[in-house]
Amino acid sequence: MRALFQLRESSISSLIPTMPQGKPAGVPCVQLDEQMRCKVFGQPERPAMCGQLQASVEMCGDVADGGVHARAWLMRLEELTRPG
Ligand code: SF4
3 MRALFQLRES SISSLIPTMP QGKPAGVPCV QLDEQMRCKV FGQPERPAMC
53 GQLQASVEMC GDVADGGVHA RAWLMRLEEL TRPG
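Going by this note's numbering, the letters in the sequence shown line up with residues 3 to 86, in that order.
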């Protein structure tokens, strides 16, 4: 759950370009392109939290599943860290 603690300690909510009110849980980031790639990857406006999130077996799973495990894991984190 290290990543969960990182998410709580380093809020992503006010840092995503063009999402000044933050990214609600369950809503895709506006910086994702049609291939689900980050449009600001490698650019200074990419939120620091995004760069700090480290891949792990816990997050990504231990088999290549095309990201199914990771998406489910991240959606659960969003629900767990949803304000209020
Ligand atoms: S890595 Fe890019 S697409 Fe993903 S949340 Fe951060 S800004 Fe959005």
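We put the CB at the ideal spot given by N, CA and C, even for glycine. These numbers come from a predicted model, not from an experiment.
On a Cα-Cα basis, can you pick out the residue from the options that is closest to residue i?
| i | options | result |
| --- | --- | --- |
| Trp75 | Thr20, Gln45 and Ala27 | Ala27 |
| Arg39 | Ala50, Gly69 and Arg84 | Gly69 |
| Ile18 | Glu36, Gln45 and Arg78 | Gln45 |
| Glu60 | Arg48, Arg78 and Lys25 | Arg78 |
Of all Cβ atoms in chain B, is any one closer than 9 angstroms to the Cβ of residue i?
| i | result |
| --- | --- |
| Val29 | Of the protein chains in the structure, only one exists, and it is not chain B. |
Here's the rule: buried if 16 or more other CB atoms are within 10 angstroms of the residue's CB, otherwise exposed. What is residue i?
| i | result |
| --- | --- |
| Gln1 | With the chain represented from 3 up to 86, any question about residue 1 goes unanswered, as that position is not in the structure. |
| Gln33 | buried |
| Pro22 | exposed |
| Leu49 | Going by the sequence as given, residue 49 is Pro instead of Leu. Under this definition Pro49 is a buried residue. |
Does the beta carbon of residue i fall short of 8 angstroms from some heavy atom of the ligand ATP?
| i | result |
| --- | --- |
| Leu34 | Among the ligands present in this structure, namely the ligand SF4, the ligand ATP is not found. |
query: What is the chain-ordered set of residues for which the beta carbon lies under 6 angstroms from any non-hydrogen atom of the ligand SF4?
result: Those residues that bring their Cβ nearer than 6 angstroms to a heavy atom of the ligand SF4 are Ile18, Cys31, Gln33, Leu34, Cys40, Val42, Arg48, Pro49 and Cys52.
- prompt: Fully enclosed by the region 16 to 69, which alpha helix (DSSP H) runs are 4 residues long or longer?
  reply: List check, alpha helix (DSSP H) in window: 50 to 54 and 59 to 62.
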